[in-house]
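Novice: Here's a structure for you.
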Amino acid sequence: MNRITSHPIVSPPDGRREVGFSFDGQIHRGYEGEAISSALAAAGVSALSSHAKDGAPQGIFCANGQCSQCTIIVDGLARKACVTPLAEGMDLRGLKGLPRLPEASAAFGGAGKRRICADVLVVGGGPAGLAATVELAKLGLSVVLADDKASLGGKLVLQTHKFFGSEADCYAGTRGFDIAKKLESEVRALPQVTVLANSPVVGVYKDRVAGIYVDYRRYVLVEFRAILVAAGAREKSVLFPGNGLPGVYGAGAFQTMVNRDLVRPARRVLIVGSGNVGLIAAYHALQAGIEVAGIVEILDKVNGYEVHADKIVRMGVPIHLRTSVISVEGEGRVERATIARVDEKWRPLLDTARTYEVDTVLVAAGLSSCDELYRQALDFGFLAITAGDAEEIAEASSAIFGGRISALSLARMLGQKVELDESWLSKREVLRSKPGDRLSRDPVLPSASWEPVFSCREEIPCNPCTTVCPTKSIILKPRLGSIMDLPYYTGRDCKGCAACVAACPGLAVTLVRRIDERWSEVMLAWEFLVDFAPGKLLPLLDKEGTFLEEAELLKKTYFKRPRTTVLTLKVSASNATRASGIRVQDEAATASLPEARLDLFPEEAILCRCERVSVAEIREYAEANEIRDWNQLKSIRVGMGACGSRTCSSLLPQLWRSMGRDAAAPLTLRPLSMEVSMGDLVNEGSATQAGASDASSGRGEP
Amino acid sequence: MKSCDLVIIGAGSVGLPLAWNCAAKGLKVIVLEKEASWGRGQNRAAIGGIRATHSDPAKIRICRESIAIVSSLKAEKGFDVEWRAGGYLYVAYDEEREAAFRKLLLIQKSVGLDIDWVNSDRVAALAPGIETRSLRGGTFSPGDGYASPLMTASCFHKLGMDKGVDFRFGESVGSIRLECGKIVSIKTNRDEYGAPLFVNAAGAEAADIAGLIGADLPVHPDCHEAGVTEPVERFMEPMIVDIRPDNESGNYYFYQANTGQVVFCITPRPQVWGMDKDNTSNFLPLCASRMLELYPRLRNLKVRRTWRGMYPMTPDGFPIVGYLREAENFLQAVGMCGQGFMLGPGLGKILSEAILGGSRPSKPEGSTEYGFVFEELQAYRKFDGMELLK
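In order, the protein sequences belong to chains A and B.
Position one of the first sequence corresponds to residue 815 (my numbering), numbered consecutively onward.
Position one of the second sequence corresponds to residue 747 (my numbering), numbered consecutively onward.
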C-alpha cells in the first residue's frame, strides 16, 4: 500500500474506516469516503482506463474534477474517480472504450425542481471566495457560497507549507491548511450564508440563474442578483511527446494525493516548471518520502521565489534551467523522462539530452484562471466580478484581500454605500507583487551571542520573522516601504529563542553563535521527520546545495504553532554562517542514466486530452484547411470532450504561435461545465419531498 | 469589384452544398459569410436529423435527394460525416397521436415513402428501455437517419474548395446595388461583388438581407435549445420524436449519434421569437424530465453540453425557394424552419440544376423537372396551410 503513515506536518485523520473494494476484479482496501482516485493510487493502480479512440492507457491528470481523464466504471456507472468517494464493496472497473448505459430498472420517478435565491452567488470557497463571503455577509447581503470540494479552502487545503505575507493581514507563517480551517469556520458561523460544499456550479444562464450540482447528486437552481466568481485556476497542460501517459499529471493533483489524502503515488518524480507550484511540489514530495530527480525550467531563471528554490536545492534537488522535457515514455505508464537544454528558440539541443528513470512527471507549467462563468455572466449583462486566481494568478494571501475588495465593489454595484478600507488596496498590491530585486547582504561574523543570519535576498512580500521576534530585534530595512523589504538584525537583543527560525516560510533564517575558536552552534528549521537523536551526524549544505560538513546534532526543539522543528548543530566556525540546510535526498536520486535514450520513439504530444487529439493531427488539419476559427478543429474533435475544452483551449494559442500563425477565433464555451446525469438534473424521485431544499438556510424557494 | 457567375450569401447548411454543386458544374462561385468559418449560424446548432418523411411532395423530394447525397459522402467522397440510417420513430402513447399518425401514414405511403406503423414490441426493440406503459406503437421510417452537421458542413466546404469556390469569411453584406429590378452588385465590409445571379442563403438573417432591396420576406427566427450527452455504447437506433405537447413545451426529439452521444432538442411553448443564442436555466430540467418520462433508461446518461440556435420560421412552416419581385436575379433559399441541415444538400443539387438549366423568375425550375418544388415553395404563396410534421 502506497500510504504515507508518518508525515512531518500532516497527520492521518483519526477514525477512518477501512473498506474493501475491487478494481478489475482485484481486491484492494482503502478508506471509506476518500476519493476513489486516491484509493487506487494507494493500491498502486496508475492506468485506470483505456481510451475509446486508440486504447491508450489513461491515468489521472487533474485529480480536481475538471478534466475527466480519471473516468472509470463505479458500480456500473461511468464516474470521475477523483470526485467520487469510496464505499465498502465498490465494484470498480477500468473503462475500455465507451461505457454501457445500464438498462432501466424502474420507471421514471418524477421530477423535483429545486430553486433557491440569494443576493450574491459566490462561486468558489477558496481564500478569495471565503474572504469575499465574510464581507458580503457583514453588509447584510444573503450569500450562497458554492464550492466543488467537500472541504472549503480551495487549494489552501493542499498547502502544508507556511505562508508568506504578513502575520497581521493574512496569516503569514501559518500553514495553508490551517488557514483554510480558520476561514471556513468563520464563514460557516455566518447566518445569512448558505454554504454548498461538494457542489460545483455547472452553468450560468441568461435568466440570471445558476445551476449547481449539489453533492454531485442534485441539481439546484440559484437565482441571484449578482455573482462573484472566485473559482480559482486550473493547471495548464504542457505539450511534450508522452504527455498523455499515466504518470504525467498536474502538480496540484500530486498535492491532492500526497497532502490531502496521504497517498504516495510516486517513487521518483520529475517536475516541469520552476514556478512556486513546481518548487513547492518538490518540497512536498521530499516531505512525503518521494524522490525528486529534478526540476526543469525552459526559461533561464527560476520562476518562483528564490527562497523556495534555495530550499529545494539545498535538499539535493537540481533545477535545470533552459531545459525542457523532450519525451516521456514507458510501457503503459511513465518509466523514463528525457530532458535536454534548449536554444534561444526553445529548440532542444539533442547532444545535451539526459534520460532519468522516473515513474511520474509533474506538470507545473503555470495556471490559467477559471473565469468562464464570469465571462458568461458579463455577456448576459449581470452584475459580476472576479476575485482571487479567477481574476489574476497570485498568492493566496493576496487573494484574501482581493476577495474582500471584490466583495465591496460588488456591494457597490448592488447599490450599497460602502467604505473601502484604502489600506486593503495597497496591501493586495504588495501581496500580489512579483519578486523584486535581489540585494546582496554583508557577511555575518559569528560572535559569542546569538544572531540571526538571513539567506533571503530577494524582495518578496513577507515579514513573519519581524513580528514573531519577542525583542523586536529584526526589522525590515526600508527601501520600498512595504513588507517587500528585506529583514535585517538590529544588532542587539537576540536571545536565541529561534522563533524567527521556526516562523520563516522560506526556511531562510538561521541563528548562529561562536562557541570557541573552532566551533559554532547553528540553529536551523527542519520540516522533515525527526527520526534521529542528538549526537547524530547530519550532512550540512550551503545555500547552493554544496556539501559543507557532517555536523553533529546537539538539540532538537519542536515549535508547536508553526509545526516546525529547530535543530541545533555543532558546526565548524568557518562554515557556521554558510550553513543553510541538511541534505534530504541522496545524489543517486538525481542521477541520469549513463546514456540518453533517444532510441525509444515516443508517442505524439496530446493536445486535447478528452478526445486524444495529437499535435500532429492538429497540424495536419491546419495545413490542409485555412483555420480562422478554432471551432473548425471540432471537425477533428478538439474541444468536444467532457472537460468542455477547458484544458486544451489554453494550449491552442501556444501551438499556433509555434506554427507561426495568428491566433484564431476562440472555442465557444457553453454550459455545462461539468457533466450531470439526466436523472440528477431533474432530481428524480425528490418530488415527494416538495418544498424541501438542500439549502435550508437560504431564503427558501420563490 | 470582383465578378463571378454566382454570389451566395451564407456559408451554412444551404449555402455550402449549393456552392459546391454549382462550382462542380463549372460556375465561378463566391460565398460571402460574416462569420469566421463555415456553419457557424444555424448549422452548428442543428442536431443532425435527416428524414424524407414529410407531409408534402416538395420537402419529400428535396430530402430524398439529401439522404442520397449525405449517405454516399463516405463511399463516394471519402468523408465520414457520421451518417447512420437509424430511421425516424414517431411514438404514440395516446389515441389522438395514433390517429394522427395513421392518417398521415396514408399520405406518406401514397407518395411512396418507406414508412409504416410499428407495434409497441417493435418500438421497444428499436429503443430498448423505452417506457412501454400505454405505448401504442408508432410510425417508423427506416431509410431516414442522422449525420453530424459539423462534419457535413466541413465536408461540403472542403468539396467546394476543391472545386474552386471562393469563400469570403468575415465579410458581412452592407448594401445591395439594385438597378432596373436587377442586382448589380453586393457590397460587404471589405469588397464589392458582381454577378448575374445572387442567392440568399442567409438563414436566420435572410429577411434582413432581403430587406436591403426593400423586400418583405416572411422569415422570422425563433429560438430552440439543444444538448448533447457523453458518448455511450450504442443502445438505440432511431431518432425518437414525441409530438405530445405539455404546458411548457411542444415536441421533443433525440437520437444516438454515431459517436455514441445522445443529441436532444425541445420546442418551447410558447415559441420564443428572436435571435437569442443564450442558454436558459429552464431547458435542461424541462427536456430531461420529458425524455426520462419516455425513456427512463436515460437517467444515468450524463449531459455534456447545451446550446441554443434559431429556426428561421415561415408562417406555414415550409421553406421559401424562388425569386423576388424586387430583383429578378435574386434567388431565395430561405426559411428552412429548422430543417436547413436536412434540406440543404438536396436543395443544393436541385437549385444547381435549375440554375444551370436556365432558372429565372418566370420559370424558376429552368429546364428541369422541379417545377412542383418551386410552385409549392414560392415566395408569393398564401402561407395559409400548416406543416403537419414540423
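Note that CB positions come from ideal geometry on N, CA and C, so glycine has one too.
Please give the ranges of any alpha helix (DSSP H) in the region 1082-1134 of chain B, keeping only runs that are unbroken, at least 4 residues long and fully inside the region.
Specialist: List check, alpha helix (DSSP H) in window: 1086-1102 and 1117-1123.
Novice: Look up Lys805 of chain B in the DSSP assignment and say whether it is helix, strand or coil.
Specialist: Counting from 1 along the second sequence, the entry for residue 805 of chain B is found at position 59. Note: Lys805 of chain B maps to helix in three-state DSSP.
Novice: Whole angstroms is fine: what's the gap from Asp1173 of chain A's alpha carbon to Val1148 of chain A's?
Specialist: As a working note, residue 1173 of chain A is residue 359 in the first sequence. As a working note, residue 1148 of chain A is residue 334 in the first sequence. Distance between the alpha carbons of Asp1173 of chain A and Val1148 of chain A is about 5 angstroms.
Novice: How many whole angstroms separate the CB atoms of Val859 of chain A and Gly879 of chain A, which I take to be in contact at a CB cut-off of 8 angstroms?
Specialist: The sequence position of residue 859 of chain A within the first sequence is 45, counting from 1. The sequence position of residue 879 of chain A within the first sequence is 65, counting from 1. Contact flag wrong, Cβ pair sits at about 19 angstroms.
Novice: May I have a chain-ordered list of the alpha helix (DSSP H) segments no shorter than 4 residues that lie completely inside the region 923-983 of chain B?
Specialist: Whole alpha helix (DSSP H) segments, 4+ residues: 952-957.
Novice: Please work out which residues of its chain come closer than 6 angstroms, Cβ to Cβ, to Gly795 of chain B, disregarding the five sequence neighbours upstream and downstream, and give them in chain order.
Specialist: In the second sequence, residue 795 of chain B corresponds to position 49, counting from 1. If we look at Gly795 of chain B and ignore the five residues flanking it on each side, its Cβ neighbours are Tyr892 and Met985.
Novice: Enumerate, from N- to C-terminal direction, the unbroken alpha helix (DSSP H) stretches of 4 or more residues contained entirely within the region 1202-1290 of chain A.
Specialist: Counting whole runs of 4 or more residues, the region 1202-1290 of chain A contains the alpha helix (DSSP H) stretches 1210-1227, 1236-1245 and 1278-1282.
Novice: Closer than 8 angstroms, Cβ to any Cβ of chain A: which residues of the region 1087-1099 of chain B, in chain order?
Specialist: Hits within the stretch: zero.
Novice: Against Leu896 of chain B, what residues of chain A qualify as contacts under a CB-to-CB distance less than 8 angstroms, listed in chain order?
Specialist: Residue 896 of chain B sits at position 150 when you count from the first residue of the second sequence. Residues of chain A passing the Cβ test: Lys1448 and Ser1449.
Novice: Counting only the same chain and skipping the five closest in sequence on each side, list residues whose C-beta sits under 6 angstroms from that of Gly1320 of chain A.
Specialist: For this step, residue 1320 of chain A is matched to residue 506 along the first sequence. Answer for Gly1320 of chain A: Val1121 and Cys1270, listed in chain order.
Novice: Please say whether Thr885 of chain A and Leu909 of chain A have beta carbons closer to each other than 8 angstroms?
Specialist: As a first step, residue 909 of chain A must be located in the first sequence, where it is residue number 95. As a first step, residue 885 of chain A must be located in the first sequence, where it is residue number 71. Yes, the Cβ-Cβ distance between Leu909 of chain A and Thr885 of chain A is below 8 angstroms.
Novice: Leaving out five residues on either side along the sequence, give the residues of the same chain with a beta carbon under 7 angstroms from the beta carbon of Ala770 of chain B.
Specialist: Against the second sequence, residue 770 of chain B aligns to sequence position 24. Cβ within range, chain order: Lys909.
Novice: Would Val1015 of chain A be called buried (16 or more neighbouring beta carbons within 10 Å of its own) or exposed?
Specialist: Counting from 1 along the first sequence, the entry for residue 1015 of chain A is found at position 201. Buried, since its Cβ has 16 or more Cβ neighbours within 10 Å.
Novice: Could you work out which residues of chain A lie near Thr934 of chain B, taking near to mean beta carbons separated by less than 7 angstroms?
Specialist: Taking the second sequence and counting its residues from 1, one reaches residue 934 of chain B at position 188. Simply none; closest approach about 16 angstroms.
Novice: Using only the alpha-carbon positions, how far apart do Ala1079 of chain B and Gln1124 of chain B sit?
Specialist: Translated into the one-based positions of the second sequence, residue 1079 of chain B becomes position 333. Translated into the one-based positions of the second sequence, residue 1124 of chain B becomes position 378. Answer to the nearest angstrom: the Cα atoms are 10 angstroms apart.
Novice: I need the boundaries of the beta strand (DSSP E) containing Pro1301 of chain A, first residue and last residue.
Specialist: As a first step, residue 1301 of chain A is located in the first sequence; it is residue number 487 there, counting from the start. Residues Pro1301 to Tyr1303.
Novice: State the DSSP-derived secondary structure class of Gly1092 of chain A, mapped to helix, strand or coil.
Specialist: In the first sequence, residue 1092 of chain A corresponds to position 278, counting from 1. Gly1092 of chain A falls in the helix class under three-state DSSP.
Novice: Run through DSSP, which three-state label would Gln1468 of chain A get?
Specialist: On the first sequence, position 654 is the one that residue 1468 of chain A refers to. It is helical.
Novice: If I'm right that Tyr1033 of chain A touches Pro1031 of chain B with Cβ under 8 angstroms, what's the distance once you round it to whole angstroms?
Specialist: Sequence index remark: in the first sequence, residue 1033 of chain A carries index 219 (1-based). Sequence index remark: in the second sequence, residue 1031 of chain B carries index 285 (1-based). Yes, they are in contact, since the Cβ atoms of Tyr1033 of chain A and Pro1031 of chain B sit about 7 angstroms apart, within 8 angstroms.
Novice: Pull out every residue of the region 1043-1063 of chain B whose Cβ sits closer than 9 angstroms to any Cβ of chain C, in chain order.
Specialist: In the displayed structure, chain C is absent; the protein chains listed are A and B.
Novice: Between Ala757 of chain B and chain A, is any beta-carbon pair separated by less than 8 angstroms?
Specialist: Numbered from its first residue, the second sequence carries residue 757 of chain B at position 11. Cβ-Cβ to chain A under 8 angstroms: no for Ala757 of chain B.
Novice: Roughly how many whole angstroms lie between the Cα atoms of Leu1290 of chain A and Cys1279 of chain A?
Specialist: One-based indexing of the first sequence puts residue 1290 of chain A at position 476. One-based indexing of the first sequence puts residue 1279 of chain A at position 465. Taking the straight line from one Cα to the other gives about 9 angstroms.
Novice: Output needed for Gln1190 of chain A: all residues of its chain with C-beta closer than 6 angstroms, excluding positions within five of it in sequence on either side, in chain order.
Specialist: Sequence index remark: in the first sequence, residue 1190 of chain A carries index 376 (1-based). For Gln1190 of chain A, where only same-chain residues beyond five positions count, the Cβ hits under 6 angstroms are Val1018.
Novice: What's the C-alpha gap between Ala1509 of chain A and Val1009 of chain A?
Specialist: Position 695 of the first sequence holds residue 1509 of chain A. Position 195 of the first sequence holds residue 1009 of chain A. Because Ala1509 of chain A sits at a pLDDT of 41, beneath the cut-off of 50, its placement in the model cannot be relied upon, and the following sentence gives the value as read from the coordinates. Cα-Cα distance, rounded: 8 angstroms.
Novice: Please report whether the beta-carbon of Ala1034 of chain B lies at a distance below 8 angstroms from any beta-carbon of chain A.
Specialist: Numbered from its first residue, the second sequence carries residue 1034 of chain B at position 288. It does: the Cβ of Ala1034 of chain B has a partner Cβ on chain A nearer than 8 angstroms.
Novice: Out of B:Val869, B:Asn1025 and B:Val1119, point me to the one whose CA is closest to Tyr1041 of chain B's CA.
Specialist: The residue labelled residue 1041 of chain B in the question sits at position 295 within the second sequence. It is B:Val869.
Novice: Using a beta-carbon distance below 8 angstroms, is Leu872 of chain B in contact with chain A?
Specialist: Counted from its first residue, the second sequence places residue 872 of chain B at position 126. No - not a single Cβ of chain A is within 8 angstroms of the one on Leu872 of chain B.
Novice: Using the Cα positions of Glu1401 of chain A and Tyr1372 of chain A, report the straight-line distance between them to the nearest angstrom.
Specialist: Counting from one through the first sequence, the residue named residue 1401 of chain A turns up at place 587. Counting from one through the first sequence, the residue named residue 1372 of chain A turns up at place 558. Going by the C-alpha atoms only, they are around 28 angstroms apart.
Novice: Residues in its own chain within less than 6 angstroms of Pro826 of chain A by CB, not counting five upstream and five downstream?
Specialist: Counted from its first residue, the first sequence places residue 826 of chain A at position 12. Within the same chain, Pro826 of chain A has close Cβ partners Leu1076.
Novice: Verify the CB distance criterion: does Pro763 of chain B have a CB-CB separation below 8 angstroms to chain A?
Specialist: In the second sequence, residue 763 of chain B corresponds to position 17, counting from 1. By this cut-off, Pro763 of chain B is not an interface position.
Novice: Apply the 10 Å Cβ neighbour rule to Val1344 of chain A and answer buried if 16 or more other Cβ atoms are within range, or exposed otherwise.
Specialist: The residue given as residue 1344 of chain A occupies position 530 in the first sequence. Looking at its Cβ environment, which holds fewer than 16 other Cβ atoms inside 10 Å, Val1344 of chain A is exposed.
Novice: What's the gap between the Cα of Leu1259 of chain A and the Cα of Arg1397 of chain A?
Specialist: By 1-based counting over the first sequence, the position of residue 1259 of chain A is 445. By 1-based counting over the first sequence, the position of residue 1397 of chain A is 583. Distance between the alpha carbons of Leu1259 of chain A and Arg1397 of chain A: 24 angstroms.
Novice: Go through its chain and collect everything with a Cβ distance to Lys693 of chain B's Cβ below 8 angstroms, but skip five positions before and after it.
Specialist: Any answer about residue 693 of chain B is impossible in this case: the structure gives chain B only from 747 up to 1136.
Novice: Name the residue from A:Ala1339, A:Thr1324 and A:Pro1249 whose alpha carbon lies nearest to the alpha carbon of Asp1299 of chain A.
Specialist: Indexing the first sequence from 1 puts residue 1299 of chain A at position 485. The option with the nearest alpha carbon to Asp1299 of chain A is A:Pro1249.
Novice: Starting from the beta carbon of Val875 of chain B, find every residue of chain A whose beta carbon is closer than 7 angstroms, and list them in chain order.
Specialist: As a position in the second sequence, residue 875 of chain B is number 129, starting the count at 1. At residue 875 of chain B the sequence reads Gly, which differs from the Val that was named. Near Gly875 of chain B (Cβ distances below 7 angstroms), the residues of chain A are Glu917 and Ala918.
Novice: Go through the region 1398-1481 of chain A residue by residue and report every complete run of the alpha helix (DSSP H) that reaches 4 residues or more, in order.
Specialist: If we require 4 residues or more, the alpha helix (DSSP H) runs fully inside the region 1398-1481 of chain A come out as 1429-1438 and 1466-1472.
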